[in-house]
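Each residue of the sequence shown is one higher than the one before, starting from 7 at the first, in the numbering used here. Worksheet: one structure, shown below.
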Amino acid sequence: MTTSTRAPSIVVPFPDGGRVAVVSDLQRTALVERLFLLAEQNDAERTGIIAALAEARPDALLLLGDHVFLGASSRAWAFFDRLVEPLRAAGIELLPILGNHDCWSIGPRGLRHYFARFPRLEGRRFYTTRLGPLGIVALDSNRFFTPSSRWDEQSLFYDKTLADLDADPDVRGILVLVHHPPFTNGTVTGPSALTERSFVPSFLRSRKTLMMLSGHVHAYEHFVREGRHFVVCGGGGGPRHRLLPKERQTFRDLFDGPSIRDFHFLTLAPDETGLDVRALGLAKGATRVSPMDRFRLDWPG
């Protein structure tokens with residue numbers, strides 16, 4: 007499966023006063039994880055997160071990767087189809103990026119499954135779109151599964167897109183989406199030096215960038231670097247990851263929560279002066295989400 011050579015831009019209708027939601031790592035726990043790692047299976051909580059998203063009815067939902075455990079598995083993708091049917095039925099626009107699990111395949115089978123679920127992508131592994139005053143830059147951080155020529159193409163696209171969005175007077179702020187977090191205190195998987203090296207410098211140079219959103223680590227974390235926000239939002243239902251205790255953290259987490267975080271998703275509400283960001287959490291065994299975190303990002307001057 008090759009990526010389209012046309013300009014990687016997706017047009018999504020987005021009403022004034024529209025809202026965006028963010029979720030990641032919806033994959034089920036594999037049998038090998040349950041047997042050898044004693045990892046939790048979270049089918050009820052995963053379904054609860056999707057039900058809460060359908061009830062919230064955002065205009066667009068950003069999916070930050072790892073939709074399934076094994077990208078090559080037709081059965082896993084069929085489960086995903088059933089899982090997100092309430093979102094599709096509610097008319098919520100689904101805007102995904104690739105996670106490493108989505109790419110797990112011999113040959114292009116995993117990508118075929120992925121692109122079949124998201125035909126609007128037309129084979130794009132990276133793209134940009136506008137959601138009201140927000141410019142969205144969706145990237146593929148799976149370097150191992152990406153040919154060097156495609157990786158270089160993405161790098162050029164990324165820098166050019168940030169420059170174009172910075173110059174667009176209708177864009178008030180920019181969000182960058184990656185699967186692998188540049189910063190995390192995760193104990194199962196750590197920070198991605200590749201993401202930090204490849205994507206963070208341009209993000210920090212851009213005038214309008216607000217937040218880099220990632221998944222991969224099954225936890226909620228919030229960091230600030232040079233006035234820009236980095237949020238790990240990996241609480242869609244994969245087995246939760248323990249974080250380092252505060253006294254051992256490499257990166258200062260602004261969220262004062264327990265080492266194992268609740269399942270969660272984000273809602274983003276743009277208004278005249280900025281972006282209201284809320285994290286809604288679902289505790290293990292709970293049936294309703296509740297407020298977990300909230301912060302505000304002002305539009306750059």
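Every residue gets a Cβ at the ideal spot worked out from N, C-alpha and C, and that includes glycine. Here the structure is a predicted model, which is why all the values come from computation and not from measurement.
Cα separation between residue i and residue j?
i: histidine 291; j: phenylalanine 205; result: One point to set straight first is that residue 291 is glycine, not histidine, in the sequence displayed. Straight-line Cα distance between these residues: approximately 37 Å.
i: arginine 156; j: glycine 240; result: 26 Å
i: leucine 89; j: alanine 95; result: 11 Å
i: glutamate 91; j: arginine 123; result: 11 Å
i: phenylalanine 229; j: serine 15; result: 29 Å
i: glycine 307; j: glutamate 46; result: 45 Å
i: alanine 78; j: phenylalanine 132; result: 20 Å
i: serine 265; j: leucine 250; result: 7 Å
i: phenylalanine 301; j: phenylalanine 85; result: 34 Å
i: valine 295; j: aspartate 304; result: 26 Å
i: valine 74; j: serine 80; result: 10 Å
i: alanine 144; j: arginine 40; result: 32 Å
i: glycine 243; j: histidine 270; result: 8 Å
i: leucine 100; j: leucine 76; result: 20 Å
i: leucine 210; j: aspartate 31; result: 26 Å
Exposed or buried, what is residue i when buried is set at 16 or more other beta-carbons lying within 10 Å of its beta-carbon?
i: leucine 162; result: exposed
i: phenylalanine 199; result: Phenylalanine is not the amino acid found at residue 199; the sequence shown has alanine there. Per the 10 Å Cβ criterion, exposed.
i: serine 10; result: Bear in mind that a pLDDT of 43 at serine 10, under 50, signals an unreliable position, so the number given afterwards is only what the model happens to contain. It counts as exposed.
i: alanine 58; result: buried
Tell me, which residues are paired with residue i by DSSP?
i: histidine 270; result: Gly287
i: aspartate 282; result: Ala275 and Arg302
i: leucine 181; result: Ile142 and Met217
i: proline 297; result: Leu286
i: glutamate 99; result: Ala66
For the beta strand (DSSP E) containing residue i, list its first residue and its last residue.
i: threonine 135; result: 133 to 137
i: valine 238; result: 234 to 239
i: alanine 27; result: 26 to 29
i: valine 230; result: 226 to 231
Tell me where the alpha helix (DSSP H) around residue i begins and ends.
i: phenylalanine 86; result: 80 to 95
i: phenylalanine 257; result: From DSSP, phenylalanine 257 is part of no alpha helix (DSSP H); its letter is neither H nor E.
i: threonine 195; result: Unbroken run through threonine 195: none, as it is neither H nor E.
Strictly under 8 Å for the Cβ-Cβ distance: is residue i near chain D by that measure?
i: arginine 126; result: This model lacks chain D altogether, as it is built from one protein chain only.
Would you be able to state if there are at least three C-beta pairs under 8 Å between the segment 137 to 153 and the segment 100 to 114? Enough Cβ pairs lie closer than 8 Å, so yes.
Inter-stretch contact at 8 Å, needing at least 3 Cβ pairs: the segment 17 to 35 / the segment 61 to 70: The segment 17 to 35 vs the segment 61 to 70: in contact.
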